[in-house]
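Per numbering that gives the first Met the number 0, the sequence shown starts with residue 0, numbered consecutively. Glycine included, every Cβ here is placed at the ideal spot set by N, Cα and C.
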Amino acid sequence: MHSPIEDYALVSDLHTGALISRRGSVDWLCFPRFDSPSVFTKLLGTEDHGRWLLAPVEEEAEVIGRAYIDSTFVLQTRWRTSTGEVLVTDFMPVEDRRASLVRRVEGISGSVTMREELQLRFEYGDVVPWVRKAHDDDGPMLLAIAGPNALMHRGNPLRPKGHRHEGTLTVTAGQRLDIELAWFPSHRTAPRSQEAAPCLESTIAYWQAWASNYEPQGEYDDTVKRSLLVLRALTHEDTGGIVAAPTTSLPEHFGGARNWDYRFCWLRDAALTLEAMMTHGYQEEALEWRNWLLRAVAGDPEDLQIMYGLAGERRLPETILSHLPGYRDSLPVRIGNGAVNQYQADVVGEVIVALEKLRCYGVTEDHFSWPLQRALLGFAENHLHDKDHGIWEMRGDLKHFTHSRVMMWAAFDCAVRAVEDHGLDGPLEQWVALRDELHAEVMERGFNEELNSFTQAYGEEQLDASLLQLPQVGFLAYDDPKMLGTVAALEKNLLTDEGLLLRYRTDESDDGLEPGEHPFLACSFWLVEQYARSGREEEARALMDRLIGFANELGLLSEEYDAEARTMVGNYPQAFSHLTLVRAADAIHYAAALQPSSLAGALGVTALEQP
């Protein structure tokens with residue numbers, strides 16, 4: 000049986016992340032990067048595909064509390080048994096260049112016996128390593144080696160049992176034991192032992208110092224701060240690349256085929272993450288991402304991709320792992336992502352909008368950054384009339400998606416502002432003409448008068464939640480009659496019985512896949528933003544509170560939610576869900592701060608003018 004997605008906690012070292020179940024099992028961990036092959040893969044298979052369990056021996060033991068230490072990704076789980084209580088602290092040390100996971104066991108009361116089961120499987124659960132006991136100046140350890148990868152286990156002696164290792168340990172009140180699992184290249188010697196106490200202290204200090212830059216602003220402070228921490232946890236410390244999620248193939252529909260690898264850097268998702276972080280004072284992280292972007296897309300603009308690896312890798316071939324049964328029998332399990340070769344016309348717009356906002360926060364362009372943006376604008380112009388796959392990466396026929404065309408408009412709109420407001424060089428008249436041409440085209444071909452709504456693609460009647468982004472980039476005002484008509488149409492056609500917004504109707508779409516998925520949480524957060532910015536503040540709060548209620552007790556959100564079964568769905572935790580949560584909270588805060596007399600005039604404010 001698989002644990003529900005919401006039962007998992009994330010711990011991160013800004014290079015990779017582990018998912019730990021409520022019952023103390025590390026079921027997913029890729030070493031040493033988010034996109035490396037996993038060493039624990041039970042999440043997508045069985046115990047035989049690798050996991051690391053640390054829990055009381057007593058089967059009736061219960062978890063009576065689980066939380067992060069304030070403003071960190073240091074997880075603490077408190078267990079109660081018939082003989083006592085014990086606290087397990089899980090963390091990944093940060094800023095020490097060491098790829099490791101530390102598990103501390105502390106006796107709280109009485110006496111508790113814990114069991115440890117370690118099943119190591121490299122290459123997504125497919126390779127059983129050679130495991131042996133070893134000893135160095137720091138004491139005994141367990142070493143596992145297969146190909147280029149090696150793992151070292153220290154802290155609790157384990158004995159072999161078949162293809163796994165197991166052991167027990169007993170702690171009484173006041174006793175403490177630290178266990179570490181560290182990755183290292185197999186051609187090097189095993190890393191030396193390290194004291195867990197200073198590592199824990201410095202890890203807590205790092206996360207709390209980072210979170211302290213957040214300035215409280217309203218009723219959703221704790222939720223927003225946790226979401227910003229999630230976005231940071233999904234950012235690679237060295238490269239500045241931001242993964243969409245640390246997992247692959249958690250299904251959008253249980254038993255279905257919409258299972259994708261999200262451990263890469265989508266330009267769109269990263270650009271929107273950048274905006275969310277900048278709004279709350281994290282310009283340094285935004286600048287790191289800009290530098291990542293410059294490196295990743297450098298070269299011929301015609302080679303632009305929608306996503307890259309953490310260091311800017313371009314080849315991300317999609318492969319099916321046939322040896323894995325999938326989460327809740329959802330097949331296929333995929334690594335890599337075939338969408339890397341798609342043309343998505345909206346991507347340049349999202350990137351240019353984010354970089355324009357960075358300029359508005361006072362970050363100057365350098366000798367590389369503006370010329371590269373000009374090259375991206377040239378790419379957009381060269382493909383001005385091309386159809387694309389759209390924001391949702393449709394695997395059906397290419398179309399002129401309304402959202403994509405609006406984002407192309409946004410790219411040239413920002414280009415015009417770069418010249419007029421920031422004094423940068425560029426063909427102003429040409430960009431003005433392209434911007435105005437696209438605006439007129441969208442208004443003529445993207446709006447259906449009979450439906451009184453914009454549509455997913457030109458000449459069609461299908462609706463799409465991505466249309467809620469039109470006012471976010473200033474294409475029109477939030478309270479424009481055409482926008483309000485679109486919102487009404489979305490509410491009528493895409494709201495589920497549980498009050499959540501679908502991306503689009505998969506049963507009415509030719510997206511190249513079988514119908515069936517649950518509501519994307521990001522779409523409902525967009526609706527919150529729309530409500531708040533168009534005078535429907537009470538409805539915005541009601542929907543926001545409902546959405547926040549879907550998070551687990553750690554404040555983490557998945558990609559989608561099955562409200563009927565009350566369970567998370569899709570890759571987890573999902574950057575897109577958390578960044579749109581931040582935007583929605585900002586919109587509610589902004590609306591609440593307005594004086595009644597100024598509300599009407601402020602409804603049309605663009606994303607670049609928002610606080």
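Worksheet item: How long is the line joining the alpha carbons of M393 and W265, rounded to whole angstroms?
Response: The count along the sequence shown starts at 1 and reaches residue 393 at position 394. The count along the sequence shown starts at 1 and reaches residue 265 at position 266. The alpha-carbon atoms of M393 and W265 are separated by roughly 15 Å.
Discussion item. By the three-class DSSP mapping on this structure, what secondary structure does W391 have?
Written reply: The count along the sequence shown starts at 1 and reaches residue 391 at position 392. In this structure, W391 counts as coil in the three-state DSSP scheme.
Fill in: Distance, G280 Cα to E194 Cα
For this step, residue 194 is matched to residue 195 along the sequence shown. For this step, residue 280 is matched to residue 281 along the sequence shown. Distance between the alpha carbons of E194 and G280 is about 34 Å.
Discussion item. Which residues does DSSP list as the beta-bridge partners of C522?
Written reply: Position 523 of the sequence shown, counted from the first residue, corresponds to residue 522. C522 pairs with nothing; no bridge assigned.
Item to complete: Select from L556, Y307, R22, F400 the residue whose C-alpha is nearest the C-alpha of W288.
Response: As a working note, residue 288 is residue 289 in the sequence shown. Here the closest residue by C-alpha is Y307.
Practice prompt. Taking the CB atoms as reference points, tell me whether L526 and L556 lie closer together than 9 Å.
Written response: Here residue 526 corresponds to residue number 527 of the sequence shown, with the count starting at 1. Here residue 556 corresponds to residue number 557 of the sequence shown, with the count starting at 1. In this structure, L556 does not lie closer than 9 Å to L526 by Cβ.
Worksheet item: What number of angstroms, rounded off, separates the C-alpha of Q594 from the C-alpha of G458?
Response: Position 595 of the sequence shown, counting from 1, holds the residue named residue 594. Position 459 of the sequence shown, counting from 1, holds the residue named residue 458. Only weak support is given to the placement of Q594: the predicted model assigns it a pLDDT of 46, under 50, and the value that follows is read from those uncertain coordinates. So the alpha carbons of these two residues sit roughly 41 Å apart.
Worksheet entry | Inter-residue spacing [alpha-carbon to alpha-carbon] between V347 and A417 | Position 348 of the sequence shown, counted from the first residue, corresponds to residue 347. Position 418 of the sequence shown, counted from the first residue, corresponds to residue 417. Rounded to the nearest whole angstrom, the C-alpha separation of V347 and A417 is 15 Å.
Worksheet item: From this set, S35, L320, A243, G109, which residue's C-alpha is nearest S576's C-alpha?
Response: Residue mapping note: residue 576 aligns to position 577 of the sequence shown, counting from 1. The candidate whose alpha carbon is nearest that of S576 is A243.
Item to complete: Would you list the one or two residues that DSSP bridges to I144?
Response: Position 145 of the sequence shown, counting from 1, holds the residue named residue 144. BP columns for I144 point to W129, A149.
Worksheet item: If you draw a straight line from the C-alpha of Y123 to the C-alpha of P36, how long is it?
Response: The count along the sequence shown starts at 1 and reaches residue 123 at position 124. The count along the sequence shown starts at 1 and reaches residue 36 at position 37. Spanning the two alpha carbons is a distance of roughly 6 Å.
Worksheet item: Can you name, in chain order, every residue of its own chain whose Cβ lies under 6 Å from the Cβ of I63, other than the five neighbours on each side?
Response: In the sequence shown, residue 63 corresponds to position 64, counting from 1. Excluding positions up to five away in sequence, the list reads R77, R79.
Worksheet item: Looking only at C-alpha atoms, which of S248, H402, T238 sits nearest to L293?
Response: By 1-based counting over the sequence shown, the position of residue 293 is 294. Here the closest residue by C-alpha is T238.
Discussion item. Tell me which residues share the same chain as Y342 and place their Cβ nearer than 6 Å to its Cβ, disregarding the 5 neighbours each side in the sequence.
Written reply: Taking the sequence shown and counting its residues from 1, one reaches residue 342 at position 343. Closer than 6 Å at the Cβ level, and outside the excluded window around Y342, lie D387.
Worksheet item: What residues in its chain sit with their C-beta under 8 Å from that of R32, if we drop five residues either side in the sequence?
Response: On the sequence shown, residue 32 is found 33 positions in, with the first residue counted as 1. H14, T15, H235, L309.
Worksheet entry | Buried versus exposed, by CB contacts within 10 Å (16 or more), W129 | As a first step, residue 129 is located in the sequence shown; it is residue number 130 there, counting from the start. Here W129 is exposed: its Cβ has fewer than 16 other Cβ atoms, across all protein chains shown, within 10 Å.
Fill in: Where D12 sits in the DSSP three-state scheme
The count along the sequence shown starts at 1 and reaches residue 12 at position 13. D12: coil per DSSP, three-state reduction.
Worksheet entry | Candidates D420, V486, F90, P190: closest to Y530 by CA position | In the sequence shown, residue 530 corresponds to position 531, counting from 1. Considering only alpha carbons, the answer is V486.
Fill in: Nearest-angstrom Cα separation, counted from K41 out to W206
Here the question's residue 206 lines up with position 207 in the sequence shown. Here the question's residue 41 lines up with position 42 in the sequence shown. If I take the Cα positions, the gap works out to 28 Å.
Worksheet entry | Three-state secondary structure assigned by DSSP to G106 | Stepping through the sequence shown from its first residue, residue 106 is reached at position 107. Residue state, collapsed to three classes: strand.
Worksheet item: At what residue ranges does the stretch 38-105 contain a whole run of the beta strand (DSSP E), taking only runs of 3 or more?
Response: 50-55, 61-67, 74-79, 83-90
Discussion item. Less than 9 Å between the beta carbons of Y213 and V223, yes or no?
Written reply: Residue mapping note: residue 213 aligns to position 214 of the sequence shown, counting from 1. Residue mapping note: residue 223 aligns to position 224 of the sequence shown, counting from 1. Contact: yes.
Worksheet item: If we ignore side chains and look at the alpha-carbon of each, how far apart do R175 and K132 end up?
Response: Here residue 175 refers to the residue found at position 176 when the sequence shown is read from its first residue. Here residue 132 refers to the residue found at position 133 when the sequence shown is read from its first residue. Cα to Cα, the separation comes out at about 23 Å.
Item to complete: Compute the distance between the beta-carbons of R102 and V87, then report whether it is under 9 Å.
Response: Against the sequence shown, residue 102 aligns to sequence position 103. Against the sequence shown, residue 87 aligns to sequence position 88. Note that the C-beta distance between R102 and V87 is below 9 Å.
Worksheet item: According to the Cβ coordinates, are S508 and G395 closer than 9 Å?
Response: Position 509 of the sequence shown holds residue 508. Position 396 of the sequence shown holds residue 395. Contact: yes.
Discussion item. Rounding to the nearest angstrom, what Cα-Cα distance links G361 and E274 in this structure?
Written reply: If you number the sequence shown from 1, residue 361 lands on position 362. If you number the sequence shown from 1, residue 274 lands on position 275. Here the alpha carbons of E274 and G361 stand approximately 14 Å from one another.
Discussion item. I believe T247 touches D260 by the beta-carbon criterion, under 8 Å. Please report the beta-carbon distance rounded to the nearest angstrom.
Written reply: Here the question's residue 247 lines up with position 248 in the sequence shown. Here the question's residue 260 lines up with position 261 in the sequence shown. About 4 Å separates the two Cβ atoms, so the contact holds.
Discussion item. Nearest by alpha-carbon distance to T188: which of L168, I144, C198 is it?
Written reply: Position 189 of the sequence shown, counted from the start, is the residue given in the question as residue 188. Measuring from the Cα of T188, the nearest candidate turns out to be I144.
Discussion item. With distance defined between alpha-carbon atoms, name the residue in D345, L466, N451 nearest to A410.
Written reply: Start at 1 with the first residue of the sequence shown, and residue 410 comes out as number 411. Nearest of D345, L466, N451 to A410, Cα basis: D345.
Worksheet item: Quick one, which of P331, S192, L9 has its alpha-carbon nearest H322's?
Response: Taking the first residue of the sequence shown as position 1, residue 322 is located at position 323. With distances taken between Cα atoms, H322 lies closest to P331.
Practice prompt. Out of C413, E528, D424, state which residue places its alpha-carbon closest to the alpha-carbon of S465.
Written response: Translated into positions along the sequence shown, residue 465 becomes position 466. Among C413, E528, D424, the Cα nearest to that of S465 belongs to E528.
Worksheet item: When we look at the beta-carbon of R158 and count the other beta-carbons within 10 Å, is it buried (16 or more) or exposed?
Response: If you number the sequence shown from 1, residue 158 lands on position 159. So R158 counts as exposed.
Practice prompt. Assuming G554 contacts L249 (C-beta within less than 8 Å), just tell me the rounded distance between them.
Written response: For this step, residue 554 is matched to residue 555 along the sequence shown. For this step, residue 249 is matched to residue 250 along the sequence shown. Not quite, the Cβ-Cβ distance comes to about 18 Å (not below 8 Å), so this is no contact.
Fill in: Whole-angstrom C-beta distance between M407 and L437, which should lie under 8 Å
As a position in the sequence shown, residue 437 is number 438, starting the count at 1. As a position in the sequence shown, residue 407 is number 408, starting the count at 1. Sure, about 6 Å apart at Cβ, within 8 Å.
Worksheet entry | Inter-residue Cα distance where the pair is G603 and D420 | For this step, residue 603 is matched to residue 604 along the sequence shown. For this step, residue 420 is matched to residue 421 along the sequence shown. At G603, the pLDDT of 43 sits below 50, so the modelled position is not reliable and the matter cannot be decided from this model.
Discussion item. Using 8 Å as the cut-off, can you tell me whether the stretch 426-433 makes contact with the stretch 486-505, which would need three or more C-beta pairs spanning the two stretches below that distance?
Written reply: No: fewer than three Cβ pairs fall under 8 Å.
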